[in-house]
Amino acid sequence: MLNGYGDVILEGVGLTLQLALSSMALAIVLGLLGAAFRLSPIRPLAWLGELYSTVIRGIPDLVLILLIFYGGQDVINRVAPLLGYDDYIDLNPLLTGVFTLGFIFGAYLSETFRGAFMGIPKGQMEAGLAYGMSSVQIFFRVLVPQMIRLAIPGFTNNWLVLTKATALISVVGLQDMMFKAKQAADATRQPFTFYLAVAVLYLVITSVSLLLLKWLERCYSVGVRAAEL
Amino acid sequence: MIFDYTVIQANLPLYLSGLLETLKLLGISLLLGLLVALPLALMRVSSRRWVSGLAWLYTYVIRGTPMLVQLFLIYYGLAQFAAVRESVLWPMLSNATFCACLAFAINTSAYTAEIIAGSLRSTPHGEIEAARAMGMSRSLMYRRILLPSALRRALPQYSNEVIMMLQTTSLASIVTLMDLTGAARTVNAQYYLPFEAYITVGVIYLCITLVFVRLFKLAERRWLAYLSPRKG
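Chains as they are written, first to last, in the numbering used here: chain A, 139 to 367; chain B, -17 to 214.
Written out as structure tokens, the structure is:
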């Protein structure tokens, strides 16, 4: 299939999915942290959360990716000799990619989560307090389970954008399906064929995710009546 | 690590021309995108299944694939076909600026069409009934009632789309264009100063974003004043 390059590209699909899922996991952690910061009554924490989400969302992903890849490489190779390690260190593209995308999309998710937390009626928290729960218990037992339902539409959006943004990591050398397609395109001089194949693969990934997240949303909305207009 | 900002100062003209290139790419693609998005949105809300289905397919495919793939398909991909290389359009299609604008315009048209279609669908039913009761024809109703109000209500979401597009134009640097990101990549490649080069450009993007946010706030105050909550 595809002049024998089909398998090569399919290999890249695994890496793309691995990158997308791992960075989403990191982004969820950072997003929850960011949302908790932004909603915190402690002023400096709220500012810090605000700074994180505004700055990261105001700068193009590509610029942040280039900054972290080249800047990170620079820093590591300046710090390593000080620690007695003299070889030149190459950053692992997958690891750095996960860190970069997780960091970027944590900012977007913190917005999604913040909106979802604010959509929970205040009485829920007060009821938790009345039961004598600590604020950490209220956060994980009362707020988070209800927040998920409200966050799913925004989360779906963030996930789709993240999946598509993984293609950018190929620019800095991760051998994901985009990178493999570029190699195949250069070797066979059939760029249209290979980029189209990759486009179809991305479309399959986004379509499957859409279906799965729709199903998840239905699961979490059991017992909630939709507004009838 | 000591920041060396003399290099950035020396390369300020490069950044400035990059800024102009970025704004040019953004302006052209937004304008073209909006022109395509309007009829597309009307198709999307059409009651004829195949018309709305066609528009749905277009926006679904464009929104479901990465911008980078679309850009590569147009810039590198089209050259695969001899028919394209021999056509009258080839001088344009082999030009990186043209391809970038085309790819960006196609991309934003899909997102904008969905925004406008959503806005059209949320038109209060009474307005449509009133227009019908006045004996307006379909086109007159669209021109006088539906579009003016839907386009206004689309403004907050469209401002997000404009900012996303600003960020998307950074991909132009991958196809050799010298936009803001391209300028930063050149500086980094010449002097190997990643922090100075990219942080500078990040700050410039952030400033443009904040200016756009402000401008859209003003626009909303001008055109959406009738929807804002009354101030005491």
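Ideal Cβ placement from N, Cα and C applies to all residues, glycine included. Since we're looking at a predicted model, the values are computed, not measured.
Going by DSSP in three states, residue 224/A sits in which element: helix, strand or coil?
coil
Once you ignore the five residues that flank residue 198/B on each side, which residues in its own chain have a CB closer than 6 Å to its CB?
141
Measure the CB-CB distance between residue 230/B and residue 11/B and report whether it falls below 7 Å.
Not covered by the structure: residue 230/B. The range shown for chain B is -17 to 214.
Quick one: grab the DSSP three-state call for residue 314/A.
coil
In whole angstroms, what is the alpha-carbon distance linking residue 131/B and residue 105/B?
8 Å
Beta-carbon gap between residue 206/A and residue 238/A smaller than 7 Å:
yes
Could you check whether the segment 112 to 129 of chain B touches the segment 172 to 190 of chain A, counting it as contact only if at least three pairs of C-beta atoms, one from each stretch, sit closer than 8 Å?
no
Distance, residue 285/A Cα to residue 263/A Cα
12 Å
With residue 191/B as the anchor, note down where its alpha helix (DSSP H) starts and where it stops.
176 to 205
Starting from residue 266/A, follow the alpha helix (DSSP H) in both directions and report where the run begins and ends.
260 to 268
Do residue 212/A and residue 176/B come within 7 Å of each other at the CB atom, strictly closer than that value?
yes
Nearest residue (CA-CA) to residue 91/B, options 156/B, -4/B, 78/B, 144/B:
144/B
Using beta-carbon positions only, say whether residue 144/A and residue 191/B come within less than 7 Å of one another.
no
Beta carbon proximity, residue 156/B to chain A, threshold 7 Å
yes
Taking buried to mean at least 16 other C-beta atoms within 10 Å of its own C-beta, is residue 153/B buried or exposed?
buried
In whole angstroms, give me the CA-to-CA distance for residue 231/A and residue 43/B.
29 Å
Thinking C-beta only, is residue 165/A closer than 7 Å to residue 243/A?
yes
Backbone CA spacing between residue 16/B and residue 149/B [nearest angstrom]
17 Å
Spell out whether any CB of chain A is found under 7 Å from the CB atom of residue 152/B.
yes
Residue 48/B classed as buried or exposed, judged by whether at least 16 other C-beta atoms fall within 10 angstroms
buried
Closest Cα partner of residue 58/B within the set 315/A, 321/A, 236/A:
321/A
Taking only beta-carbon positions, decide if residue 235/A is within less than 7 Å of chain B.
no
Return helix, strand or coil for residue 161/A, following the three-state DSSP convention.
helix
Quick check: the Cα distance between residue 316/A and residue 89/B, rounded to an integer number of angstroms?
18 Å
Neighbouring residues, chain A, relative to residue 167/B (Cβ below 8 Å)
204
By Cβ distance, which residues of its chain are closer than 7 Å to residue 4/B, with the 5 residues on each side in sequence left out?
151, 161, 162
Would you identify the three-state DSSP class for residue 113/B, choosing helix, strand or coil?
helix
Nearest by alpha-carbon distance to residue 86/B: which of 55/B, 200/B, -5/B, 173/B is it?
55/B
Under 9 Å between beta-carbons, which chain A residues line up against residue 188/B? List them in chain order, please.
192, 193, 196, 197
Rounded to whole angstroms, what's the CA-CA distance from residue 198/A to residue 337/A? Just pull it up for me.
22 Å
Whose Cβ in chain B lies nearer than 7 Å to the Cβ of residue 344/A?
46
Output yes if chain A places a C-beta closer than 7 Å to the C-beta of residue -11/B; else output no.
no
Quick one: what's got a C-beta closer than 7 Å to residue 253/A's C-beta in the same chain, skipping five residues either side?
292
Tell me whether the beta-carbon of residue 33/B lies closer than 7 Å to the beta-carbon of residue 102/B.
no
Alpha carbon to alpha carbon, how far is residue 155/B from residue 164/B?
5 Å
Does the separation of the CB atoms of residue 307/A and residue 235/A fall below 7 Å?
yes
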